[in-house]
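Residue numbers (this note's numbering): -4 to 240. Glycine included, C-beta positions come from ideal geometry on N, C-alpha and C. Notes follow the structure.
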Ligand SMILES: C[S@@+](CC[C@H](N)C(=O)[O-])C[C@H]1O[C@@H](n2cnc3c(N)ncnc32)[C@H](O)[C@@H]1O
């Protein structure tokens, strides 16, 4: 069961704030917004609202969307005046269109079926103005799928306020329908010398080839304007910028 964004939302916040350099992420997306002159943003998969805060502080006209109420609760505590939308990215409708949609933190990985990618891209297209940009990152299947065929287990450790959080994960290929892996994790908290299990998360995570992404975009009315290789904490990723035609 996927618990990382519900029961474990606070643990997510603690661990991922240490894994991910959010300032670097912010600078990257802000760079695209500046380059293409966009001021209004919908961030899909905004999670606990770390990037939201930076966009709002910089006076962007910002909306965040996520389907986890637990993640949004933390996001709202961090950004009390922000506009957050509790919706599924596959089926949403905004009250007004935006100039840019950002889908951050490899959120596209949760669109395991092609029809989910299709309906998300259609929703995004319908809520944008012509010429708007759509920026997102995805895990590179060509690099990552062979990698996990060899490395099936990984441990991540974080120290936060004198408490150590540990995640022990197993990765298993699941490539029957698309380039996915099943990610089984057990989370622990270490206090003094005791290791306490604090939760489990089982998710199916999708990786994509560049060609697949390009095809999904073209089929849904976008043109690709940039694709950049980027390392993320545990994953080789690409960042894409596409434009609504
Ligand atoms: C990997 S996290 C990224 C969060 C944040 N962008 C970050 O970098 O910390 C993925 C986020 O996507 C959200 N999510 C997953 N599937 C979703 C869906 N179908 N609709 C909306 N949000 C979804 C999760 O709740 C989670 O907050």
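For this session: Would you identify the three-state DSSP class for residue 232, choosing helix, strand or coil?
Result: strand
Problem set entry | Reduced DSSP secondary structure (H/G/I, E/B, other) of residue 118 | helix
Problem set entry | Distance between residue 82 and residue 76 (C-alpha atoms, nearest Å) | 18 Å
Problem set entry | Cβ shell of residue 106 (< 7 Å), same chain only, five flanking positions each side left out | 112, 115 and 201
Exercise. Cβ of residue 71 within 8 Å of Cβ of residue 172?
Worked result: no
Exercise. Touch check for the region 148 to 168 and the region 116 to 135: three-plus C-beta pairs under 8 Å?
Worked result: no
Exercise. For residue 219, which residues from the same chain have a beta carbon less than 7 Å from its beta carbon, with the 5 sequence-adjacent residues on both sides left out?
Worked result: 209, 212, 235 and 237
Problem set entry | Range covered by the beta strand (DSSP E) that runs through residue 162 | 158 to 169
Exercise. For residue 199 versus residue 135, is the C-beta spacing smaller than 8 Å?
Worked result: no
Problem set entry | Check your reading: residues with Cβ closer than 5 Å to ligand 1 heavy atoms | 0, 40, 42, 61, 62, 63, 66, 83, 84, 99, 100, 102 and 105
Problem set entry | Coil, strand or helix - residue 201 by DSSP | strand
Exercise. From which residue to which residue does the alpha helix (DSSP H) around residue 52 run?
Worked result: 45 to 52
Exercise. Should residue 230 and residue 101 be called a contact, given that it needs their Cβ atoms to be closer than 8 Å?
Worked result: yes
For this session: Let me know the secondary structure DSSP gives residue 98 once reduced to three states.
Result: strand
Exercise. Starting from residue 38 and walking both ways along the beta strand (DSSP E), at which residues does that stretch end?
Worked result: 35 to 39
For this session: Indicate whether the contact test is met: 3 or more Cβ pairs, each with one atom in the region 25 to 35 and one in the region 173 to 186, closer than 8 Å.
Result: no
For this session: Spatial neighbours of residue 185 within its chain, please: CB distance less than 6 Å, with the 5 preceding and 5 following residues excluded, ordered by chain position.
Result: 159
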